[in-house]
Amino acid sequence: MRVLFISRLFSGLETSIVNDIWKPTGVPTIYKMIERFDQVADSLELVLTSKDGNTIWKNKKIITKKINGLRSSITVLPGAISFPKFIPKKLRTLFRELYHFLYSYFRYKKIKPDVIYIDNANIFTASMLSRLTSTPVVFRVMGVYPSMKKIIDSRKLKHRVFRFFYTSPFSQVICTQDGSGVEPWLDKIIHHNAKTEILINGVDMPLTSNKHFKEFNKIDKSKMTILFVGKFENSKGCIQFLKAFHKASIQLENKIYA
């Protein structure tokens with residue numbers, strides 16, 4: 002199986018590339034798929050795209066390198082920083098997305114993959130590859146942000162364009178159930194022929210062995226314990242979580258612990 006894997010250059014992956022050793026510090030959703038494909042695929046074309054945010058990546062040229070811990074090479078595409086600063090920021094962003102798509106398309110033509118796995122940060126490229134090729138495109142959405150929900154009924158040109166992207170004929174769309182309300186979004190925006198799957202957002206290590214949960218063993222075991230794992234931000238459902246916990250705590254007479 003030949004795989005073309007396209008993902009945003011997350012900060013949790015960037016340190017591995019800078020240090021030339023595969024030691025991801027975040028985004029297990031992405032790096033575990035990379036590791037699995039690296040083990041089982043006959044050929045893995047791994048492309049990471051710089052999106053100019055929350056990253057220290059400043060290279061203005063395409064970088065392809067081998068790093069310890071992976072069999073496959075990694076190619077990193079530069080972001081809008083590679084275009085002259087006198088060009089307006091929004092226009093540079095458009096050029097960046099077109100550049101990322103064109104590179105990905107030409108690599109697709111060269112390696113002829115059996116499947117394309119691509120994340121939400123590369124929605125333009127994902128849409129074009131699903132529309133211009135016959136190769137199955139697996140589109141990975143981790144969570145649904147408020148900006149993604151706005152495009153469902155909005156008449157703004159920008160939202161209509163993104164609605165066109167999201168309704169592309171993907172073979173499969175995978176979402177993470179992180180409390181952001183992925184089910185109604187999938188029903189309303191994703192192409193009806195696309196197979197959809199929702200995965201539970203989980204933790205794969207014992208809490209008692211994680212340094213961030215040293216106090217876990219001190220919790221009163223006679224009470225029900227509820228844990229919120231993830232970024233504590235509104236789009237992740239933390240406000241609803243707190244309200245629900247408070248209501249349940251009153252109803253159960255403070256017999257639960259969080």
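Using our numbering, read the sequence shown as starting at 2 and increasing by one per residue. Where a beta carbon is used, it is the ideal one built from N, C-alpha and C, also for glycine. Note that the coordinates shown come from a computational prediction; the quantities given were computed from them, not determined experimentally.
Pairwise C-alpha distance: residue j and residue i
i: residue 37; j: residue 46; result: 13 Å
i: residue 25; j: residue 3; result: 24 Å
i: residue 168; j: residue 138; result: 13 Å
i: residue 1; j: residue 173; result: No statement about residue 1 is possible, as the shown extent of the chain runs from 2 to 259 and does not include it.
i: residue 76; j: residue 11; result: 14 Å
i: residue 140; j: residue 120; result: 6 Å
i: residue 248; j: residue 221; result: 20 Å
i: residue 54; j: residue 251; result: 42 Å
i: residue 239; j: residue 60; result: 36 Å
i: residue 182; j: residue 30; result: 18 Å
i: residue 74; j: residue 57; result: 21 Å
i: residue 109; j: residue 241; result: 43 Å
i: residue 62; j: residue 19; result: 15 Å
Residue environment, residue i, which counts as buried when at least 16 other CB atoms sit within 10 Å
i: residue 226; result: exposed
i: residue 78; result: buried
i: residue 209; result: Confidence in residue 209 is poor, its pLDDT being 46 and thus under 50, which makes the residue's placement too unreliable to answer from.
i: residue 114; result: buried
i: residue 15; result: buried
i: residue 198; result: exposed
i: residue 43; result: exposed
i: residue 132; result: exposed
i: residue 52; result: buried
i: residue 88; result: exposed
i: residue 98; result: buried
Residues sharing a beta bridge with residue i, DSSP
i: residue 120; result: 141
i: residue 3; result: 44
i: residue 173; result: 139, 196
Contacts around residue i, its chain only, beta-carbon distance under 7 Å, and the 5 residues preceding and following it disregarded
i: residue 23; result: 17, 68, 69, 70, 71
i: residue 123; result: 7, 9, 50, 101
i: residue 285; result: Any property of residue 285 remains undetermined from this structure, which presents the chain solely from 2 to 259.
Nearest-angstrom beta carbon gap, residue j and residue i [assumed within contact, 8 Å]
i: residue 118; j: residue 34; result: 7 Å
i: residue 186; j: residue 149; result: 7 Å
i: residue 268; j: residue 96; result: Outside the displayed range of the chain (2 to 259) lies residue 268, so it cannot be described from this structure.
Residues near residue i by beta carbon distance below 8 Å, same chain, minus five either side
i: residue 90; result: 81
i: residue 192; result: 168, 169, 170, 171
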